[in-house]
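The number in my numbering is simply the position in the sequence shown, starting from 1, with 32 added.
Cβ coordinates follow ideal geometry from the N, Cα and C atoms, glycine included.
No experiment lies behind these values; they were computed from the predicted model shown.
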Amino acid sequence: MPSEVPTVALQRLKKDYQRILKEPVPFMKAAPLESNILEWRYIIIGAPKTPYEGGIYQGKLLFPKDFPFKPPAILMITPNGRFQTNTRLCLSISDYHPDTWNPAWTVSTIITGLMSFMNDNQPTLGSLVTTESERRLLARKSKAFNLKDKTFCALFPEEADEIRAEMEKMDQEQLDSIREEETALKNRRAGESARGVPRLSSLLSNLMMIAGVAILAFAFRLCKTPRPGNLENANLMTSMRFYKTYLLIAIGTCTICTLLLIANCGWDEQQGRNQANSLSGTITPAIRSLPDTFLLIGILSSPNETARRSNVRSTWFRLSAKGASVFTPKFIIGTKGLSIEDREKLDKEMGEFGDLAFLERHEEGYDRLARKTLATMQYAHENFKFQYLLKVDADSFVRITPLLMNLKTVQHAMLYWGFLDGRARPFRKGKWKEPEWNLCDRYLPYQLGGGYVLSYELVRFLAVNARLFRMYKNEDVSVGAWLAGLDVKYVHDPRFDTEWTSRGCSNEYLITHKHTMEEMTEMYENLKTKGKLCTKEFQRRPSYVYDFSKPPSECCSRINGSSIP
């Protein structure tokens, strides 16, 4: 290990490596080189139901000596069809963007972010545009590619042994299948290239044409021109002007032809790409400017809750004069299956207030709340640039100014902030029963659904990998399960009164759930006139402080008479 590695970087990288060994993250592994702790190798295992399924992709992390205060360079080694190999990738978690780097991000966070980018199709420096067929072929070839790398075999011996065993079992028919698929793709690419004339060839051909015309003109005039001894100076000058004019016209004409040919070839190539993308189902996304906000607020609402939305607008929406760059609220509504009349009402409301977000493919229903929450994450990721997302219900009251102030004190790239529960048992009967829950005898820790905050990186992970998740009945339970394997920063805050029923009223609450419109109006008036949320503070049921030193089943002891909000 190099002696010049600073102590801070050395200790932090050792700690990150121990965390990876102790708390492995699904679909990835990472380890430093024995000779240099500043250089790591990682592997990403292709997730099911993606073009990378069955593939193993090796890459490299190059950490600066002042890590964790500066980000690492990220490179991909194994051909994959998404990123160029042996090229520094321009990502928000890499050394291309030190301005967005967060020193709290670990190696696990970095590779998790890279996996999200890999499953996404957003263009960036170092990315590639390829078809799903090409990516699937590269996935099949990736294991044999990695096996040739001595460093891969040394750092990831289990995977290397599995690949050797797998390759020994492969019969000739499987090998022939890979070769045939590779040949077919090469022929397809060759055919697409043949449909256009190469730009360089067009340019060279035209330059040769110019030279030929010039030589022909010179030869013609030479034959017609008398010998110099009998030619007067005036005639010689006229002859030279003729050559210049002739050459200029020829050059101008051929230059125009060259530009037209180049433009035509470029158009043909783009048409070819569009056709290939259409056939393969892969569409290169257009780069567009997205509205920017610090906190995006998604308020889950039903189409018929017009009065409830009006109540929210006239109460806690008015508690802050901050503009859209600070917070942007949106009522999230599923519109699939609506009658023409109901849709027209929503369109009219949208025209008046501009704060509705329509999920065109989502049909409302309690048993579809998890799908709606996931669709909300996808909507947020695709339509906004934000740092945090607050998901709340329409019957939740939010004290927006203190929430924003406190959010800045708990900022984290993997933040999951709310009222955390780790000891709840799954419902097996009634409206909330969970027939699909079979992970364990209790729910995994989750923030209760009346309101919680997620960082952009977590929203991005949920949006990009949406098709991989199992759906559970309870949306808040689902989010907790989906994020369970990540390096999440859980923050339990008793000021989130976000359980299935309100615990009472405390002037410390940042969010309080399950209120009538009359109660929402009363709380708003109290804040405006008295500067306090409650007419009188009271407690219906005790709260708790989450004990992270104990197992989740022992996390949460409610204490009667406690002053915990």
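Item: Burial state of residue 437, where buried means 16 or more other Cβ atoms lie within 10 Å; Value: exposed
Item: Local Cβ density within 10 Å of residue 552, reported as buried at 16 or more and exposed below that; Value: buried
Item: Closer than 8 Å to chain B by CB, residue 36; Value: Considering every chain present, this structure includes no chain B. It has just one protein chain.
Item: Cα-Cα separation, residue 466 to residue 472; Value: 12 Å
Item: Top-ranked residue by Cα proximity to residue 478, from 499, 459, 510 and 461; Value: 510
Item: Coarse secondary structure for residue 598, derived from DSSP in three states; Value: Look at the range of the chain in this structure, 33 to 597, and you will see that residue 598 is not part of it.
Item: Residue 40: first and last residue of the uninterrupted alpha helix (DSSP H) it sits in; Value: 39-54
Item: At least 3 beta-carbon pairs within less than 8 Å: the stretch 325-333 vs the stretch 424-433; Value: yes
Item: Given residue 400 as reference, the closest of 380, 368 and 421 once Cα atoms are compared; Value: 368
Item: Residues near residue 536 in its chain [Cβ-Cβ closer than 6 Å; skip 5 each side]; Value: 570, 571 and 572
Item: Selected residue, minimal CA-CA separation from residue 134, among 597, 443, 518 and 452; Value: 443
Item: Residue burial classification, residue 178 (beta-carbon count within 10 angstroms, cutoff 16); Value: buried
Item: Three-state secondary structure assigned by DSSP to residue 449; Value: strand
Item: Cβ-based burial, residue 191 [other Cβ within 10 Å; buried from 16]; Value: buried
Item: C-beta contact flag for residue 483 and residue 424 at 8 Å; Value: yes
Item: Beta-carbon gap between residue 188 and residue 75 smaller than 8 Å; Value: yes
Item: Alpha-carbon to alpha-carbon, residue 94 and residue 40; Value: 16 Å
Item: Close beta carbons around residue 577, own chain, < 8 Å, minus the five adjacent residues each side; Value: 524, 526 and 596
Item: Segment limits, beta strand (DSSP E) that includes residue 91; Value: 88-94
Item: Span of the alpha helix (DSSP H), counted from its first residue to its last, around residue 591; Value: Residue 591 -> no alpha helix (DSSP H), and no H or E assigned at all.
Item: Beta-carbon spacing of residue 598, residue 402 below 8 Å; Value: In the structure as shown, the chain starts at 33 and stops at 597, and residue 598 therefore has no counterpart that could be examined.
Item: DSSP three-state assignment for residue 615, whether helix, strand or coil; Value: Since the displayed the chain opens at 33 and closes at 597, residue 615 lies outside it and no answer follows.
Item: Pairwise C-alpha distance: residue 199 and residue 193; Value: 10 Å
Item: Run of the beta strand (DSSP E) containing residue 417, from where it starts to where it stops; Value: 417-425
Item: Where residue 355 falls, given that 16 or more other Cβ within 10 Å makes a residue buried; Value: exposed
Item: Backbone secondary structure at residue 185 - three-state DSSP; Value: helix
Item: Segment limits, beta strand (DSSP E) that includes residue 332; Value: 324-332
Item: Beta strand (DSSP E) runs wholly inside the stretch 432-510, at least 3 long, in chain order; Value: 447-450 and 483-487
Item: Residue 43 to residue 521 span [Cα, whole Å]; Value: 21 Å
Item: Candidates 451, 420 and 324, of which the one nearest residue 492 by Cα; Value: 420
Item: Counted within 10 angstroms of its Cβ, other Cβ atoms place residue 299 as buried (16 or more) or exposed; Value: With a pLDDT of 45 at residue 299, under the threshold of 50, the modelled position of this residue cannot be trusted; read the value that follows with caution. Looking at its Cβ environment, which holds fewer than 16 other Cβ atoms inside 10 Å, residue 299 is exposed.
Item: Which of helix, strand or coil DSSP assigns to residue 145; Value: helix
Item: Residue 531 vs residue 480 beta-carbon contact at 8 Å; Value: yes
Item: CB of residue 544 within 8 Å of CB of residue 554, strictly; Value: no
Item: Within 8 Å, strictly: CB atoms of residue 123 and residue 106; Value: yes
Item: Collapsed DSSP secondary structure at residue 343 in the structure displayed; Value: helix
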